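Taking my numbering, the leading residue of the sequence shown gets 54, the next gets one more, and so forth. Quick reminder that beta carbons are idealized off the backbone N, C-alpha and C, glycines included. Small disclaimer: the values here were computed from a predicted structure and weren't measured. Beneath this line is the structure, given in structure tokens, with notes to follow.
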Amino acid sequence: MRPDVFQAHEIFSAYPPPLSDYGRRLLAEGDSWFTIGTLNLPRSSNILLNLEFRRSTAVVSCAYPGHTLQHMVDNLHDPYFDRFLRQPNFSSYWEAVLISGGGNDLIDAAQTPSQGGQGQPVPAEGRLLLTANEVAANTTAQGAARYVSEAGWNRLATYLRVNYAELVLRRDQGPSRGRPLFLHTYAVPVVRPSGTVGAPRGWLYPAMVAYAIPEADWQALAELLFTRLRELLLSLDQGSGLPGALSQVHVFDSAVLQTLAPAAPGTSGRSGDWINEIHLTPTGYRKLGRAMGAFIDTVLSGYP
């Protein structure tokens, strides 16, 4: 069965949802895969609305479009999540915490221009992509890696690890100490001029154009970046056996979900299971939600 998803502000309304009536209560925070990915509301959806569980579940969502990990751990930017998770007189016990994070951070880093607002150059460690001159001088890397600022990637990877560790720390400072924290990887999008209001040409596409990356290498570069993000997220799973693994963190690997149909290169609208360049259609989210819900059910069955 699908969960009932409540927005955080509803908890403080005159008629708050009866959370105690549900078999499980989950707290969610994250980026656009947990929120509305397009302003065309009749065609919008997200993962949370399409999760399927074996028992009744309420999800309280603090997710908001554009959220990055920094927003998630900074209670000055989020009036609800930190309070629900650990603040005295506000926090509650949650059977699990769901986080959608890293995708927006990666895309934001890819969109960072090579020059600042005053025309000053942005250092390589402050961006994810290299300029044409830097690519020409990058004689050690091969393939799509030629276009990646390794200093920028290392900075992003460190930022992600630090902020996920902070989320785990905050979880363990509240009533939900030791409860599972679920993450997910991201399916690789097809680079194409397909966006929404505020980003009509998409997100990765204009970044590739701005950095003069040859079109023939666009998809290989997207594959490389999202594969690196996938590997980083999987390394956080407590069962990974890697030094950066975090306690009671479980990662659903959506990147290998074979049923998701990719978009056709060059298209500007709905294509395959994608509504635009980086967001799925309702059908795509249903495929993802069923698989992720089963994963969460299986993991939770091992917790008291």
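- With contacts defined as CB atoms closer than 7 Å, Ala81 and Leu151 qualify as a contacting pair.
- For Met261, the number of other beta carbons within 10 angstroms of its own is at least 16, and it is reported as buried.
- Rounded to the nearest angstrom, the gap between the Cα atoms of Gly346 and Leu104 is 5 Å.
- Scanning the region 237 to 277 for uninterrupted beta strand (DSSP E) segments of 3 residues or longer gives nothing; none is fully contained.
- Linking Val244 to Ala218 through their CA atoms gives a straight-line distance of about 31 Å.
- Collapsing the DSSP output to three states places His303 in a strand.
- Asp74 counts as exposed, since fewer than 16 other beta carbons sit within 10 angstroms of its beta carbon.
- Contact check for Leu286 against Gly155 passes: the beta carbons are separated by less than 7 Å.
- Spanning the alpha carbons of Ser98 and Asn329 requires a straight line of approximately 12 Å.
- Annotation: Val150 is outside any alpha helix (DSSP H); the continuous beta strand (DSSP E) that includes it extends over Ala149 to Ser153.
- Excluding residues up to 5 positions away in sequence, Arg136 lie with their Cβ nearer than 6 Å to the Cβ of Phe143 in the same chain.
- C-alpha of Asn186 to C-alpha of Tyr264: approximately 10 Å in a straight line.
- Where Arg78 is concerned, the enclosing beta strand (DSSP E) starts and stops at Arg77 to Gly83.
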